[in-house]
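Heads up: the sequence shown is residues 1 to 182, going by UniProt numbering.
Where is the CB? At the ideal position from N, CA and C, for every residue including glycine.
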Amino acid sequence: MSDAENAPSAPKDSREPPFRVEVRPGDEAVVEFDPTLTFECVDDCTWCCRHGVLLYEQDLLELAARESINQAVTRAHGRDFVRREPKARDDHVDEDGAACYFLGDDGLCALHDEHDWKPARCSVFPLSVHVEDGDIHVSIRDSAHEHCEGLDVSERRVVDNLDAFLPELLWELDDPTTEIEL
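Shown next as structure tokens:
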């Protein structure tokens, strides 16, 4: 039996997407996914670390306060990203053999493990954020359904925990789109 089949059943929710959710006072998001969807990071799943991590300006400043950014950051498409680099463990890399600069050989993120901090883009995974008609819309990345092992394996409903996934920073940005690849 798979983990998804062993997972506890999620509470019923009669809302049909899209619907609005107050993430925190004054910050609403339009939810475009099944409200019963659950997510919890699982050990040894580093799928989200295989992509380039987009750094919004505030993220870049916070990263610089924690780590040297000289080797860690690159610029592409007019934006700052955490650099991807070759990694020793094949199970932690994308097809090109690379993953996030801060991903250790142990499968742990140095930023999260050592500083208890993540860039906004990392907090958002496995969600996707875009703006439509002035509203922040949240969906599940198409590729997450294929690769993210943390979907539907716990009782932690995403819709009930959007404040953990969507940092306040996103509402301050002109373009909080998260699916921009390095």
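Legend entry - Proximity to F125 [Cα-Cα], best of R20, G26 and V42: Along the sequence shown, read from residue 1 onward, the residue named residue 125 stands at position 125. Among R20, G26 and V42, the Cα nearest to that of F125 belongs to V42.
Inset, instruction - In the DSSP assignment, find the unbroken beta strand (DSSP E) run with E114 in it and report its ends. - result: By one-based count along the sequence shown, residue 114 stands at place 114. That residue, E114, is in no beta strand (DSSP E); its alpha helix (DSSP H) goes A110 to H115.
Legend entry - Reduced DSSP category for S2 - H, G, I as helix; E, B as strand; rest coil: Working through the sequence shown from its first residue, we reach residue 2 at position 2. Below a pLDDT of 50, predicted positions are generally treated as unreliable, and S2, at 49, falls in that range; the measurement from the model is reported next regardless. DSSP places S2 in coil when its eight states are reduced to three.
Inset, instruction - Flag this pair as yes or no: are the beta carbons of V138 and D175 separated by less than 9 Å? - result: What you label residue 138 is simply residue 138 of the sequence shown in a count that begins at 1. What you label residue 175 is simply residue 175 of the sequence shown in a count that begins at 1. In this structure, V138 sits away from D175, with a CB-CB distance that is not shorter than 9 Å.
Inset, instruction - Could you tell me if F19 is buried or exposed, where buried requires 16 or more neighbouring beta carbons within 10 angstroms of its beta carbon? - result: One-based indexing of the sequence shown puts residue 19 at position 19. Exposed, because fewer than 16 other Cβ atoms sit within 10 Å of the Cβ of F19.
Legend entry - Start-to-end residues for the alpha helix (DSSP H) that takes in H147: The count along the sequence shown starts at 1 and reaches residue 147 at position 147. Where H147 is concerned, the enclosing alpha helix (DSSP H) stretches over D142 to H147.
Inset, instruction - Pick helix, strand or coil for A76, following the three-state DSSP scheme. - result: Taking the sequence shown and counting its residues from 1, one reaches residue 76 at position 76. Reduced to three states, the DSSP call for A76 is strand.
Inset, instruction - Look at C122 and L111 and say whether their C-beta atoms are less than 9 Å apart. - result: Working through the sequence shown from its first residue, we reach residue 122 at position 122. Working through the sequence shown from its first residue, we reach residue 111 at position 111. Cβ atoms of C122 and L111: closer than 9 Å.
Legend entry - Nearest neighbour of P17, chosen from D80, D113, F165 and V159 [CA to CA]: For the purposes of this step, residue 17 is identified with residue 17 of the sequence shown, where counting begins at 1. Ranking D80, D113, F165 and V159 by Cα distance to P17 puts V159 first.
Inset, instruction - Pull up the DSSP beta-bridge partners for F81, would you. - result: Sequence index remark: in the sequence shown, residue 81 carries index 81 (1-based). Answer by DSSP bridge pairing, in chain order: L54 and T74.
Inset, instruction - Can you have a look at E146 and say buried or exposed, based on whether 16 or more other CB atoms are within 10 angstroms of its CB? - result: In the sequence shown, counting from the first residue as 1, residue 146 sits at position 146. Burial call: exposed.
Inset, instruction - Please report how far the alpha carbon of G134 lies from the alpha carbon of R89, in whole angstroms. - result: Walking along the sequence shown from the start, residue 134 turns up at place 134. Walking along the sequence shown from the start, residue 89 turns up at place 89. Near 42 Å, if we compare the C-alpha coordinates of R89 and G134.
Inset, instruction - Using alpha carbons as the reference points, say which of Q71, A99 and C48 lies closest to L151. - result: For the purposes of this step, residue 151 is identified with residue 151 of the sequence shown, where counting begins at 1. Residue C48 is the option with its Cα nearest to L151.
Legend entry - Straight-line Cα distance separating T36 from V153: On the sequence shown, position 153 is the one that residue 153 refers to. On the sequence shown, position 36 is the one that residue 36 refers to. About 12 Å.
Inset, instruction - Compare the Cα-Cα distances from V23 to each of C45, P167, L173 and T177 and report the closest residue. - result: For the purposes of this step, residue 23 is identified with residue 23 of the sequence shown, where counting begins at 1. When only C-alpha atoms are compared, the closest one is P167.
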